[in-house]
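S.K.:
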Amino acid sequence: MGRCFMDEERTEGMGYHLEGIAFGLADGIICCLGLIIGFAEATNDTYMVIVAGVIGGIANAFGNSIGFYMSQSAERGLQIHGIEKYRVQTRVHSKREIVVNSFLAFAFSIIAVLALLLPFAFLDMAHSTTITFLLGTLLSFSLGGYVGKISSEGQFKTGLKYALLAVAGAAISHLMGDVLKALLS
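Count along the sequence shown from 1, add 3, and you get the number used in our numbering.
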């Protein structure tokens with residue numbers, strides 16, 4: 004009865020890859036924005052910000068990808084268990100969907116950190132930090148707006164929620180950069 008929901012062909016081309024893209028972008032933006040802003044505040048050294056951003060961004064991308072894969076694999080197991088034991092009718096993540104979404108989470112985490120680091124390659128520290136902050140906030144708002152649109156939660160409200168989360172992460176990281184600079188100076 005529930006086996007038709009596990010048919011991998013049924014999930015192809017149905018837009019289920021947004022999950023990996025959104026996860027990679029959201030986490031990449033929020034984590035790396037905080038990392039970059041905090042590191043810029045603590046060191047005031049463009050070279051160090053770029054090095055820390057690239058290393059932190061790659062580590063974050065691997066963490067996102069592996070975490071996403073493990074989480075979705077566990078969810079798939081629970082979905083299959085529910086179908087087989089309780090006759091629950093639910094859609095089951097295909098193995099291919101999990102792998103593709105895991106790759107997309109990695110790729111879009113990398114895209115996020117590269118976009119946020121780009122100003123540091125061309126501008127001075129003060130302008131780079133400001134532009135990166137604004138870019139991260141705008142990207143978060145845009146992602147939230149899109150999610151709000153497709154989920155009927157409201158574009159502006161969801162966009163604002165995502166942007167505020169990015170601002171909160173950046174503000175806390177900026178404060179931690181100040182604290183570390185004071186403690187280590």
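Backbone N, C-alpha and C fix where the C-beta goes; we use that ideal spot for every residue, glycine too.
Quantities reported herein were computed from a predicted structural model and do not represent experimental measurements.
Express the C-alpha separation of A43 and G59 in angstroms, rounding to a whole number.
M.R.: Mapped onto the sequence shown, residue 59 falls at position 56. Mapped onto the sequence shown, residue 43 falls at position 40. Taking the straight line from one Cα to the other gives about 13 Å.
S.K.: If you run the structure through DSSP and keep just helix, strand and coil, what is L126?
M.R.: For this step, residue 126 is matched to residue 123 along the sequence shown. Reduced to three states, the DSSP call for L126 is coil.
S.K.: Could you give the C-beta distance for S3 and A108, rounded to a whole number, given that I count them as a contact under 8 Å?
M.R.: Nothing about residue 3 can be reported from this structure: the residues present for the chain run from 4 to 188 only.
S.K.: Compute the distance between the beta-carbons of A173 and T133, then report whether it is under 9 Å.
M.R.: Stepping through the sequence shown from its first residue, residue 173 is reached at position 170. Stepping through the sequence shown from its first residue, residue 133 is reached at position 130. Cβ atoms of A173 and T133: not closer than 9 Å.
S.K.: Rounded to the nearest angstrom, how far is the Cβ of V103 from that of Q82, given a contact under 8 Å?
M.R.: In the sequence shown, residue 103 corresponds to position 100, counting from 1. In the sequence shown, residue 82 corresponds to position 79, counting from 1. The Cβ separation is near 17 Å, so there is no contact.
S.K.: Taking Cβ positions, are D181 and A55 nearer each other than 9 Å?
M.R.: Working through the sequence shown from its first residue, we reach residue 181 at position 178. Working through the sequence shown from its first residue, we reach residue 55 at position 52. It is not a contact, given that the beta carbons lie outside the stated cut-off.
S.K.: Could you tell me whether the region 60 to 69 touches the region 15 to 35, using the rule of 3 or more Cβ pairs below 8 Å?
M.R.: Yes, they touch.
S.K.: With a threshold of 16 other CB atoms inside 10 Å of the CB of L119, please say whether the residue is buried or exposed.
M.R.: One-based indexing of the sequence shown puts residue 119 at position 116. So L119 ends up on the buried side.
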